[in-house]
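Those protein sequences? They're chains D and V, same order as listed. Under full-length UniProt numbering, the residues of the first sequence are numbered 1 to 499, in order. Under full-length UniProt numbering, the residues of the second sequence are numbered 1 to 499, in order. Here a beta-carbon is modelled for each residue, glycine too, at the ideal position from N, C-alpha and C. Remember, predicted model here, so these are calculated numbers, not experimental data. This report refers to the structure that appears directly beneath it.
Protein chains: 2
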Amino acid sequence: MNILYDEHLDGVLPRVDKRQLLSALEVELPDLTVLSRSEDLRPYECDGLSAYRTMPLLVLLPERVEQVQSILRICHRLQVPVVARGSGTGLSGGALPLEQGVLLVMSRFNRILEINAQGRYARVQPGVRNLAISQAAAPLNLYYAPDPSSQIACSIGGNVAENAGGVHCLKYGLTVHNLLQVEILTVEGEKLTLGAESLDCPGFDLLALFTGSEGMLGVVTEVTVKLLPKPQVAKVLLAAFDSVEKAGAAVGSIIAAGIIPGGLEMMDNLAIRAAEDFIHAGYPVDAAAILLCELDGVESDVHDDCARVRQILIEAGATEVRLAQDEAERVRFWAGRKNAFPAVGRLSPDYYCMDGTIPRRALPGVLNSIAELSREYELRVANVFHAGDGNMHPLILFDANRPGELERAEQLGGRILELCVSVGGSITGEHGVGREKINQMCAQFNAEELTAFHAIKAAFDPAGLLNPGKNIPTLHRCAEFGAMHVHHGQLPFPELERF
Amino acid sequence: MNILYDEHLDGVLPRVDKRQLLSALEVELPDLTVLSRSEDLRPYECDGLSAYRTMPLLVLLPERVEQVQSILRICHRLQVPVVARGSGTGLSGGALPLEQGVLLVMSRFNRILEINAQGRYARVQPGVRNLAISQAAAPLNLYYAPDPSSQIACSIGGNVAENAGGVHCLKYGLTVHNLLQVEILTVEGEKLTLGAESLDCPGFDLLALFTGSEGMLGVVTEVTVKLLPKPQVAKVLLAAFDSVEKAGAAVGSIIAAGIIPGGLEMMDNLAIRAAEDFIHAGYPVDAAAILLCELDGVESDVHDDCARVRQILIEAGATEVRLAQDEAERVRFWAGRKNAFPAVGRLSPDYYCMDGTIPRRALPGVLNSIAELSREYELRVANVFHAGDGNMHPLILFDANRPGELERAEQLGGRILELCVSVGGSITGEHGVGREKINQMCAQFNAEELTAFHAIKAAFDPAGLLNPGKNIPTLHRCAEFGAMHVHHGQLPFPELERF
């Protein structure tokens with residue numbers, strides 16, 4: 001699975017004259033930190049998707065917006081591809097470097113510029129860590145809601161690029177729902193302000209368009225996020241089921257009853273046992289599935305909702321429903337869930353974490369189909385996921401040292417994502433497309449839809465210099481992959497093929 | 001203010017061969033309703049912004065998506081501009097027809113296709129009225145949150161085109177926050193699905209880009225909206241103040257305390273007296289300003305919040321705080337607010353309703369400046385607005401029969417919108433830009449930002465056939481208007497001037 005170079009970019013991107021680039025950087029940006037020796041580049045060869053590795057041409061570590069602006073102008077002039085990167089925790093290879101491109105590392109932009117209680121927002125630089133925003137807002141009893149598992153390390157600029165999610169997105173939305181404004185630089189180094197401090201903004205909604213665009217439309221230089229008041233109390237219910245279908249159906253019943261939990265998570269038996277062995281969270285190890293349902297808000301409201309959810313769970317066939325009796329037990333219940341990935345990692349030399357989304361009503365059927373696929377490919381699959389919003393994270397267990405297992409795992413992963421699409425879902429919930437899922441985009445979208453994406457890309461970056469080879473596949477790639485929806489017997493807009 | 005033709009479109013749009021167009025429609029769509037006689041066209045010459053009127057070339061009333069598809073293909077082939085329209089209740093002239101274009105009326109697409117409680121969504125045709133969705137969902141105890149004042153008449157397709165708001169948007173968001181998916185047809189009649197039934201969707205966020213694009217990127221043919229559970233109870237507090245500044249400051253304090261009211265509305269003395277004379281809502285007619293604060297949710301929660309808000313209002317200097325004692329009084333409090341526009345209309349032969357948004361913290365200062373401008377232009381201004389989200393609706397009172405008053409009213413309106421921009425706000429909150437505020441867009445955005453809009457437009461509609469002359473001004477227009485931010489001494493991208 002080590003991809004050293006994306007063959008689809010061959011002949012598309014120009015070869016870069018490294019000496020010319022280095023000398024331009026030296027003349028125009030004498031105080032810029034530039035890494036070019038192979039031992040210095042090594043730590044940057046991958047992001048959180050470590051199966052894919054490429055050594056970048058150069059790593060640039062600017063500290064001021066003007067430096068970023070000059071870098072973009074130089075790269076634009078010399079036609080050098082640019083991959084921007086925050087903390088590098090992304091799981092889909094969105095920040096995977098290019099052999100023939102610079103890696104623009106934004107981690108030195110780590111200042112919190114303003115916390116405003118009345119406007120209820122925080123204005124920060126893109127390299128600020130997700131959790132650092134909530135920590136800075138805590139004295140005002142406010143916090144930033146989206147909470148990816150990597151929140152201790154991941155940066156807000158990367159969150160914007162990937163439209164990051166988290167356990168609490170069911171109630172509080174994805175990154176895009178929690179932004180007011182971003183400042184970006186275009187591929188030519190022009191500064192644009194997208195969104196506004198106020199709720200609505202006229203013109204096209206470029207803020208939403210930019211969020212989740214995976215570094216293909218510009219580089220984030222400042223982010224203004226909404227802050228929310230901290231909920232007074234949070235309670236967690238744990239429910240055990242003797243079948244995953246029943247647990248899946250219970251999720252739908254809770255939502256249909258008009259309750260919006262702060263978090264609603266599901267684990268199947270393999271995941272339960274792995275987590276219990278590792279964390280001793282107190283999970284029922286014989287259950288086929290458990291649900292963790294967190295209810296947050298004001299005391300009395302949470303109390304009422306707990307009673308209603310308990311009733312729904314029992315009616316849905318739960319064999320046991322437990323309310324965490326104190327804060328320590330609540331934290332323990334969550335610790336099992338949050339450490340489920342490393343816990344499953346202890347069961348198998350390798351695992352492959354998927355990220356797909358399905359409509360909630362499809363949960364029971366899809367869980368069944370995944371079990372069937374698991375038997376067909378003779379690979380174990382653990383299911384741990386954000387059940388409330390239908391965002392699944394099946395973990396495929398394999399041993400890369402056994403011949404053929406890696407390939408089988410990849411094929412099984414592809415089948416699971418296609419299953420998600422076939423029930424009206426999507427190939428990513430919160431990890432993004434990046435390099436990893438670019439082929440599955442061909443199953444997700446038809447030629448007209450991909451063409452609309454290409455036209456948007458061309459509107460911002462006609463030469464295709466920003467993060468090429470990620471997020472949006474070429475129609476050519478889709479035709480090769482064999483999943484292209486060909487319309488009227490022909491590929492539309494062949495002139496857009498250069499992306 | 002009667003604009004019969006937009007001189008900025010002269011020489012930009014081709015002349016249409018009406019006979020050729022009629023014959024193409026007749027051959028390819030023999031059963032399509034086509035209106036072409038002047039008396040049939042008259043009812044369509046304006047939308048809710050009735051000061052602007054233009055007779056369309058033809059009015060087309062399709063009933064099936066295939067017909068819309070054929071219309072778009074024919075118009076694309078013959079290079080005929082197309083203005084799509086729903087119920088025509090918009091207040092910024094977004095559906096103002098073109099003398100040399102067809103008006104595509106979508107009101108016959110009025111079927112509710114699906115109400116799904118578990119998925120908590122409704123799938124409807126674009127001509128379905130906003131309120132009809134909530135009515136259809138009521139038996140399931142669900143509703144659609146965005147509630148423009150025109151909700152009894154306005155259509156969901158128009159809501160998508162304008163990103164409509166309403167009294168409850170502070171808590172529940174604008175249209176864009178309440179959509180899951182839309183089906184559109186491109187200018188070439190290609191069908192695209194934007195968004196997904198699930199929370200996240202990979203690729204660029206074209207759903208958000210399309211929402212609020214005012215008919216410039218495509219035509220909506222189907223909409224899937226989110227439904228919310230109906231709140232158990234709603235209570236309204238009325239607070240009186242002896243200055244508008246104090247009322248404005250109280251709004252900020254409520255929000256900063258972490259309370260999110262269902263609605264938070266403000267009226268000044270002129271509006272209070274007008275509404276009281278008209279509706280007898282029980283408002284204190286001597287107050288300089290009142291706030292109406294609705295709190296909704298579960299019983300106990302609402303009870304606690306009412307107590308907290310009352311305390312904040314008193315600390316902010318309220319001279320009186322009243323809780324509506326029963327449902328009848330609650331409805332009466334709201335009736336005064338909801339009829340404030342016609343009530344103010346009784347004070348003056350004409351009035352001009354503005355729509356600007358400002359950051360909440362700027363409320364007291366902006367209200368003061370509006371009072372100063374009112375004195376400078378010798379025109380009364382009544383203030384009635386969604387205070388909680390900073391969305392202002394100043395009503396400028398004038399008499400069009402007195403020479404010069406109309407012009408003074410327009411100038412004053414322009415100054416108020418520029419004031420909104422200068423404090424970091426925007427020229428529209430929920431009414432859109434349309435034809436009305438196209439010049440103010442030049443003050444809102446700089447040349448680079450407008451260029452990004454033009455590039456987006458070109459990506460979807462390179463010939464500029466969809467609703468030309470609305471929403472996004474040409475750089476040429478801005479240069480004439482004198483508000484263009486010229487960068488490096490030149491207008492960028494002159495080749496994009498054709499929009």
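Looking at D:Ile-254 and D:Pro-261, is the spacing between their C-beta atoms short of 9 Å? yes
Return the residues of the region 153-177 of chain D that lie within a Cβ-Cβ distance of less than 9 Å from chain V, sorted by chain order. Asn-163, Gly-165, Cys-169, Leu-170, Gly-173, Leu-174, Val-176, His-177
With 16 other CB atoms within 10 Å as the buried threshold, where does D:Gln-444 fall? buried
Cβ-based burial, V:Gly-282 [other Cβ within 10 Å; buried from 16]: exposed
When DSSP builds the beta bridges, which residues end up paired with V:Asn-383? V:Pro-394
Mapping the DSSP letters down to three states, classify V:Leu-131 as helix, strand or coil. helix
Report all residues from its chain with a CB closer than 8 Å to the CB of V:His-76; omit the five preceding and five following residues, and keep chain order. Val-187, Glu-188, Gly-189, Ala-463, Leu-465
What are the residues in the region 135-150 of chain D lying within 8 Å of chain V by C-beta distance? Asn-141, Leu-142
Please list the terminal residues of the continuous beta strand (DSSP E) segment that includes V:Ala-289. 289-297
Do we get a CB-CB distance below 9 Å when we pair D:Met-354 with the residues of chain V? no
Please determine, among D:Arg-37, D:Ile-259, D:Ala-275, D:Gly-252, the residue with the shortest C-alpha to C-alpha distance to D:Phe-341. D:Ala-275
Does the beta-carbon of D:Val-102 have 16 or more other beta-carbons within 10 angstroms, so that it is buried, or is it exposed? buried
Verify the CB distance criterion: does D:Ala-95 have a CB-CB separation below 9 Å to chain V? no
Between the C-alpha atoms of D:Arg-498 and D:Glu-294, what's the straight-line distance to the nearest angstrom? Any reading at D:Arg-498 must be qualified, since the residue scores a pLDDT of 31, below 50, and its modelled position is unreliable; the value itself is stated next. Answer to the nearest angstrom: the Cα atoms are 47 Å apart.
Please work out which residues of its chain come closer than 7 Å, Cβ to Cβ, to D:Thr-175, disregarding the five sequence neighbours upstream and downstream, and give them in chain order. Pro-146, Asn-159, Val-160, Asn-163, Ala-164, Thr-211
Sequence-distant residues of the same chain with beta carbon closer than 6 Å to V:Val-233, five excluded per side: Glu-299, Val-302
Got a sec: which bits of the region 424-454 of chain V sit with their beta carbon under 7 Å from any beta carbon on chain D, in order along the chain? Gly-424, Gly-425, Ser-426, Ile-427, Thr-428, Gly-429, Glu-430, Val-433, Met-441, Gln-444, Phe-445, Glu-448, Glu-449, Ala-452, Phe-453
Looking at residue 506 of chain V: is its Cβ nearer than 9 Å to the Cβ of V:Ala-316? Any property of residue 506 of chain V remains undetermined from this structure, which presents chain V solely from 1 to 499.
Boundaries (first-last residue) of the beta strand (DSSP E) holding V:Leu-61: 58-61
Output, in chain order, the set of chain V residues within a Cβ distance shorter than 9 Å of D:Val-300. The sequence given here has Ser at residue 300 of chain D, not Val. The answer, in chain order, is Val-298, Glu-299, Ser-300, Asp-301, His-303, Asp-304.
For V:Phe-241, which residues does DSSP report across the bridge? V:Ala-289
Looking only at C-alpha atoms, which of D:Glu-183, D:Val-366, D:Phe-204 sits nearest to D:Gly-425? D:Val-366
Of all the CB atoms in chain V, is at least one closer than 9 Å to the CB of D:Thr-319? no
Can you say whether D:Arg-477 is buried or exposed, counting buried as having 16 or more other CB atoms within 10 angstroms of its CB? buried
Can you give the Cα-Cα distance for D:Ala-95 and D:Asp-47, rounded to whole angstroms? 6 Å
Extent of the continuous beta strand (DSSP E) to which D:Glu-418 belongs: Segment 405-422 is the alpha helix (DSSP H) holding D:Glu-418; no beta strand (DSSP E) there.
Local Cβ density within 10 Å of D:Val-220, reported as buried at 16 or more and exposed below that: buried
Closer than 9 Å, CB to CB, is V:Leu-465 near chain D or not? no
Might you give, ordered along the chain, the residues of its own chain that have their beta carbon closer than 6 Å to the beta carbon of D:Arg-120, omitting 5 neighbours on each side? Leu-227
Helix or strand or just coil, what does DSSP make of D:Tyr-283? coil
Test item: CB-CB of D:Ala-84 and D:Thr-224 under 9 Å: no
In the DSSP assignment, what residue or residues form a beta bridge with V:Glu-222? V:Glu-183
Proximal chain B residues relative to V:Cys-201, where beta-carbon distance stays under 7 Å: Any reference to chain B falls outside this structure, whose protein chains are D and V.
Please determine, among D:Leu-142, D:Gln-69, D:Ser-155, the residue with the shortest C-alpha to C-alpha distance to D:Asn-116. D:Leu-142
Rank V:Arg-361, V:Leu-264, V:Gly-336, V:Ala-250 by C-alpha distance to the C-alpha of V:Ile-314 and give the top, closest one. V:Ala-250
Residues bridged to D:Met-354 [DSSP beta-bridge criterion]: None, per the DSSP bridge assignment.
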